[in-house]
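A.B. asks:
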Amino acid sequence: MPETPTQHASARLLAIVSVDPSRRVICQEPGCGHGVYAAIHVVQDKENLLVLGSTCFAKRYGGASALGMPAYSAGSGGGSHLTEEERMALVTNTAELIAQFKARHEAVMAAANAKLLALRQRMQQQAQATKALFSRAPTRPAIQPPADHPWPWQHPNNTSVAVVRGPDSQCWVRVMHRSGTQMLAPWPAFDGWDETFPPSIGQPDQQLQAYAVPNIVAALQWLRQRGYEAPQVSRWPEVRKLLPDPV
Ligand SMILES: [Zn+2]
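At position 102 of the sequence shown the residue is numbered 425 (our numbering), and the sequence of numbers has no breaks.
1. Taking A361 as the reference, which of R501, E561, G354, P344 has the closest Cα?
2. Contact check, Y395 vs H428 under 8 Å by CB: the rounded distance?
3. Going straight from the alpha carbon of V486 to that of I524, what length do you get?
4. Rounded to the nearest angstrom, what separates P328 and Q444 at their Cα positions?
5. Put M446 into one of helix, strand or coil per three-state DSSP.
6. I'd like to know if the stretch 560-570 and the stretch 528-546 are in contact, where contact means that at least 3 CB-CB pairs between them fall below 8 Å.
7. What number of angstroms, rounded off, separates the C-alpha of L405 from the C-alpha of S377?
8. Using the Cβ count rule (16 or more neighbours within 10 Å means buried), how would you classify F520?
9. Is it buried or exposed for P479, if we count other Cβ within 10 angstroms and need 16 for buried?
10. Taking only heavy atoms of ligand 1 into account, decide whether any of them is closer than 7 Å to the Cβ of T453.
11. Buried or exposed for A334, going by 16 or more other Cβ atoms inside 10 Å?
12. Let me confirm a value: H364 is counted as buried when at least 16 other C-beta atoms fall within 10 Å, else exposed. Which label applies?
13. From V431 to Q477, what does the alpha carbon distance come to, in whole angstroms?
14. Which residue marks the beginning of the alpha helix (DSSP H) containing A361, and which one marks its end?
15. For P509, does the count of other Cβ atoms within 10 angstroms reach 16, so buried, or fall short, so exposed?
16. Would you check if the distance between the CB atom of V348 and the CB atom of L413 is smaller than 8 Å?
17. Around the Cβ of L496, are there at least 16 other Cβ atoms within 10 angstroms (buried) or fewer (exposed)?
18. Using the three-state DSSP reduction, which class does S341 fall into: helix, strand or coil?
19. I need the boundaries of the alpha helix (DSSP H) containing S396, first residue and last residue.
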């Protein structure tokens, strides 16, 4: 004998919910009409959505767990207490409430699957790292040594730099400071570098020997309008090849 009686093969328990005892809903089992609140069963029975008390559910389907777990148990359909709004939806538009539960259930399951996948990947990576650690083959160091570049204050992750060549062939390098501020540093440095740009572009920082530029997009536009070339974006040391050798 199958666990689910054949006469109920098309019945599917969608959700079990509860409401305040003072806000009971009417059991829809024909001939019942009792107010129910503690374990309200919502069942898709052929083409009907039924709201049933637990007693009528058990009688109708042959046991409290005859239809297994609610289909949307992860979407508030696994015994959650309904808000007044949800209670109203249960009474007036059960399909709409169930659609909400279904969407929530699927979102929760998708998030859980993604978490599981990430966890599996991390475990695989750890296993590989452990294997590498104990293998006798020489391994590359996991952390690359810091790039040998002229800006000790450069942002550790945002290492993209750009070269802008001026109409007088003077180069400027756009480097992000570790604070996140974009800087324009003269290359090579020269006396009076700090008098090149107006305050609207940036403030010269004597310690860093570079302009702090709050709006790099506007600054680069300003430079383009004054005959500077388009920035050539790369990373150190590739950018070094674009720059003249210091005299
Ligand atoms: Zn009933």
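Ideal Cβ placement from N, Cα and C applies to all residues, glycine included.
C.D. replies: Checking against the coordinates, here is how it stands:
1. Taking the first residue of the sequence shown as position 1, residue 361 is located at position 38. Restricting attention to R501, E561, G354, P344, the CA atom closest to the CA of A361 is found in P344.
2. Walking along the sequence shown from the start, residue 395 turns up at place 72. Walking along the sequence shown from the start, residue 428 turns up at place 105. About 4 Å separates the Cβ atoms of Y395 and H428, confirming a contact at the 8 Å cut-off.
3. Position 163 of the sequence shown, counted from the start, is the residue given in the question as residue 486. Position 201 of the sequence shown, counted from the start, is the residue given in the question as residue 524. About 17 Å.
4. In the sequence shown, the residue the question calls residue 328 occupies position 5. In the sequence shown, the residue the question calls residue 444 occupies position 121. With a pLDDT of only 46 at P328, under 50, the local geometry of the prediction cannot be trusted, and the value read off the model is given with reservation. Distance between the alpha carbons of P328 and Q444 is about 42 Å.
5. Translated into positions along the sequence shown, residue 446 becomes position 123. In this structure, M446 counts as helix in the three-state DSSP scheme.
6. Contact fails between the stretch 560-570 and the stretch 528-546, because fewer than three Cβ pairs, one in each stretch, are under 8 Å apart.
7. Residue numbering aside, residue 405 sits at position 82 when the sequence shown is read from its first letter. Residue numbering aside, residue 377 sits at position 54 when the sequence shown is read from its first letter. About 16 Å.
8. Against the sequence shown, residue 520 aligns to sequence position 197. F520 comes out buried.
9. Translated into positions along the sequence shown, residue 479 becomes position 156. So P479 ends up on the exposed side.
10. In the sequence shown, the residue the question calls residue 453 occupies position 130. No, ligand 1 has no heavy atom inside 7 Å of this Cβ.
11. The residue you call residue 334 lines up with position 11 of the sequence shown. Per the 10 Å Cβ criterion, buried.
12. By one-based count along the sequence shown, residue 364 stands at place 41. A residue is called buried once 16 or more other Cβ atoms fall within 10 Å of its Cβ, and H364 is buried on that count.
13. Numbered from its first residue, the sequence shown carries residue 431 at position 108. Numbered from its first residue, the sequence shown carries residue 477 at position 154. Cα to Cα, V431 sits roughly 41 Å from Q477.
14. Here residue 361 refers to the residue found at position 38 when the sequence shown is read from its first residue. Element bounds for A361: n/a, residue is neither H nor E.
15. Your numbering for residue 509 matches position 186 in the sequence shown. P509 is classed as buried because its beta carbon has at least 16 other beta carbons within 10 Å across all chains shown.
16. Numbered from 1 along the sequence shown, position 25 holds the residue referred to as residue 348. Numbered from 1 along the sequence shown, position 90 holds the residue referred to as residue 413. Yes, the Cβ-Cβ distance between V348 and L413 is below 8 Å.
17. Here the question's residue 496 lines up with position 173 in the sequence shown. Correcting the residue type first, residue 496 is Val in the shown sequence and not Leu. In the assembly as shown, V496 is a buried residue. Its beta-carbon has 16 or more other beta-carbons within 10 Å.
18. Position 18 of the sequence shown, counted from the start, is the residue given in the question as residue 341. DSSP places S341 in strand when its eight states are reduced to three.
19. Numbered from 1 along the sequence shown, position 73 holds the residue referred to as residue 396. For S396, there is no enclosing alpha helix (DSSP H), since its DSSP letter is neither H nor E.
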